[in-house]
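Below is one structure; the comments refer to it alone.
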Amino acid sequence: MPAAPAPTSRVRRCGRPRSARSLSAWPDGRAAAPAPPRKPRRPSGLGAFSWRGRTHPGRRALACQTMKNPHYNPTKSHHRPNGFQNNHASFRGKRWHEILRWRWQAWRAGLPKPLQEPIPVVAPDLAFIHGNAQAGLQMQPAATWIGHITVLLQIGGLNVLTDPVFSERCFPVQWAGPRRHTPPGLTLGQLPHIDIVLLSHNHYDHLDEGSMRALAQQPGGAPLVICPLAHRHWLNRWGLHRVVELDWWDRHVIEPSAHNHRVPVVLTPAQHWSARTTTDALRSLWGGFAVLSPDCHLFFAGDTAYSKDFVDIRQHFAREHTPGQGGGFDLALLPIGAYEPRWFMKDQHVNPKEAVQIFEDLGCKRALAVHWGTFQLTDEALDEPPRALAAALHAADLPAEAFRVMAVGQTWRLPPRP
73 MPAAPAPTSR VRRCGRPRSA RSLSAWPDGR AAAPAPPRKP RRPSGLGAFS
123 WRGRTHPGRR ALACQTMKNP HYNPTKSHHR PNGFQNNHAS FRGKRWHEIL
173 RWRWQAWRAG LPKPLQEPIP VVAPDLAFIH GNAQAGLQMQ PAATWIGHIT
223 VLLQIGGLNV LTDPVFSERC FPVQWAGPRR HTPPGLTLGQ LPHIDIVLLS
273 HNHYDHLDEG SMRALAQQPG GAPLVICPLA HRHWLNRWGL HRVVELDWWD
323 RHVIEPSAHN HRVPVVLTPA QHWSARTTTD ALRSLWGGFA VLSPDCHLFF
373 AGDTAYSKDF VDIRQHFARE HTPGQGGGFD LALLPIGAYE PRWFMKDQHV
423 NPKEAVQIFE DLGCKRALAV HWGTFQLTDE ALDEPPRALA AALHAADLPA
473 EAFRVMAVGQ TWRLPPRP
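For reference, each letter of the sequence shown is one residue, going 73 to 490 in our numbering.
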């Protein structure tokens, strides 16, 4: 299908949203049922960091846990009896004094610095998005950045959402923790019917209870959630019962229909960790996804530090990409934010220079920068990652268009895979 002309949207710039009213609104006017009252949880300090002992999620914290890993397979090196670990380097938890050192140094240096310019936001091209959603097998591959790590992917006749986060805060409670600087590029009510959710891991800025509860009640039925091992219990509790859990390199195939192509989805390794409470460190798996639709081979990295995993991923899919089809992933969603200070964040989040290295390791044709501009999670200014990415691309002699930074709400229309 020939590409439609790109919309001429005027960029508007905005600051912090006033509210997160979008969690219950749907296009047909129906309101999602209110969530049942829940016992409030005691916030766990910095959210993902453990305040119960001297160590952040790591080997000593894991050794103290009594719950066994029901998915444990001793033949797999990333499995442990009580959880999971990385392929190439074990995540070492941060101790009390390291957490305090980070916060003290940031306070002394006045970090993070204020924005030099507002985060760009555009009005979404709803006519294209909803028309494309109805196109079935003629759907044009497209990616719309909703903010942070959340992207609406339209490929293979399917509407796919990555790590849906529409809430005002990414924290166990909505009265504390990191607050949105920019509103979602689309509200939940503006989304087309979501067929699939790709969930990378359980951190609060990736697995958002309010958003998942709302998606469970979308008109037309809840989406299929594809996720790493040991996430089903949360999702079931929130009303999502169509759940496929995968181990690294496991494959789930979306079977073809009159409306969509056959689309294999593969969970890939990442260099990261997991924790949602102070007692479940490393108990659930984390990862990225390869989505191999006939019209677009897509890679979603999730959260990750740099590792050799990305060379392994390129080799693993080389035969399926095939040189005759241009080789490599057609689009990679790669994180570029939440990376300072490096001594604290290097083993869990890439910086823009490392994101460019992943781009080259994967051999992908183009990439979209995600995981920036929405939540102030670390010490770099919220608008710094795109500038650092531009410098890294220049140093690597790569064109800026190959690794694109988009405005919140903007849609990238992609050429179909040959």
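Just so it is clear, CB atoms sit at the ideal spot from N, CA and C, and this is done for glycine as well.
Backbone CA spacing between residue i and residue j [nearest angstrom]
i, j, result
"R334", "H169", "51 Å"
"L172", "F416", "11 Å"
"H331", "A467", "44 Å"
"M478", "I218", "10 Å"
"G182", "W247", "24 Å"
"L72", "R391", "Here the chain has residues from 73 to 490 only, and residue 72 is not among them."
"P471", "R485", "18 Å"
"V316", "H324", "8 Å"
"S149", "E452", "35 Å"
"W179", "Y411", "17 Å"
"V237", "P146", "34 Å"
"R252", "F361", "26 Å"
"I221", "H443", "5 Å"
"A215", "G208", "16 Å"
"T127", "T394", "Its pLDDT being 37, under 50, T127 is placed unreliably by the model, and nothing is read from it."
"P336", "F431", "22 Å"
"T483", "F200", "9 Å"
"H305", "N274", "12 Å"
"R495", "F156", "Any property of residue 495 remains undetermined from this structure, which presents the chain solely from 73 to 490."
"P184", "Q177", "11 Å"
"P142", "A302", "9 Å"
"D469", "R309", "48 Å"
"Q429", "P186", "28 Å"
"A377", "P413", "13 Å"
"R348", "D280", "11 Å"
"R175", "L318", "36 Å"
"H388", "I326", "20 Å"
Limits of the unbroken beta strand (DSSP E) element including residue i
i, result
"G360", "G360 to S365"
"I326", "R323 to I326"
"Q226", "T222 to I227"
"F447", "Per DSSP, F447 belongs to no beta strand (DSSP E) and is neither H nor E."
"A215", "A214 to G219"
"P487", "Per DSSP, P487 belongs to no beta strand (DSSP E) and is neither H nor E."
"F371", "C368 to F372"
"L230", "L230 to T234"
"V194", "P192 to V194"
"I298", "L296 to P300"
"I266", "Element bounds for I266: n/a, residue is neither H nor E."
"E317", "V315 to L318"
"V480", "Careful: V480 lies outside any beta strand (DSSP E) and carries neither H nor E."
"V494", "Nothing about residue 494 can be read from this structure; the chain reaches only from 73 to 490."
"V337", "V335 to T340"
"A404", "L403 to P407"
Sequence-distant residues of its chain with Cβ nearer than 7 Å to residue i (five each side left out)
i, result
"D433", "F382, V383 and R386"
"P424", "I408, P457, A460, L461 and A464"
Extent of the continuous alpha helix (DSSP H) to which residue i belongs
i, result
"R309", "R304 to R309"
"E170", "W168 to A181"
"N204", "L198 to A205"
"A464", "E456 to A467"
"E281", "E281 to A288"
"V428", "P424 to L434"
"A390", "D381 to H393"
Proximal residues to residue i (C-beta, below 8 Å), its chain only, five neighbours per side dropped
i, result
"P488", "M73, Q212, P213, D367 and C368"
"K140", "P153 and N154"
"L287", "L233, P236, L260, I266, V269, A294, P295 and L312"
"A205", "M211, Q226, N231, P264 and H265"
"D375", "I221, S272, H273, H275, H278, A342, H344, W358, P407, Q420, H421 and H443"
Contact set for residue i: own chain, Cβ-Cβ below 6 Å, skip 5 residues either direction
i, result
"A474", "R438"
"L307", "V297 and V315"
"V338", "R323 and A362"
"G435", "R386 and G400"
"L370", "V363 and L403"
"C242", "P250, Y276, D277 and F447"
"A427", "L406 and I408"
"Y144", "H151 and P153"
Nearest-angstrom beta carbon gap, residue j and residue i [assumed within contact, 8 Å]
i, j, result
"Q343", "A460", "Incorrect: roughly 20 Å between the Cβ atoms, too far for contact."
"P250", "L449", "6 Å"
"W358", "S272", "6 Å"
"G257", "G481", "3 Å"
"W345", "Q420", "6 Å"
"Y276", "P244", "7 Å"
"N159", "S379", "7 Å"
### Query
Below 8 Å, can you find three or more Cβ-Cβ pairs linking the segment 345–360 to the segment 291–298?
no
#### Entry: Touching by the beta-carbon criterion (3+ pairs, under 8 Å), the segment 174–193 and the segment 220–233
no
### Message
Closer than 8 Å is the cut-off here; do at least three beta carbon pairs connect the segment 401–408 with the segment 437–451?
### Response
yes
### Message
Taking contact to mean 3 or more Cβ pairs, one atom from each stretch, closer than 8 Å, check whether the segment 193–204 and the segment 248–262 are in contact.
### Response
yes
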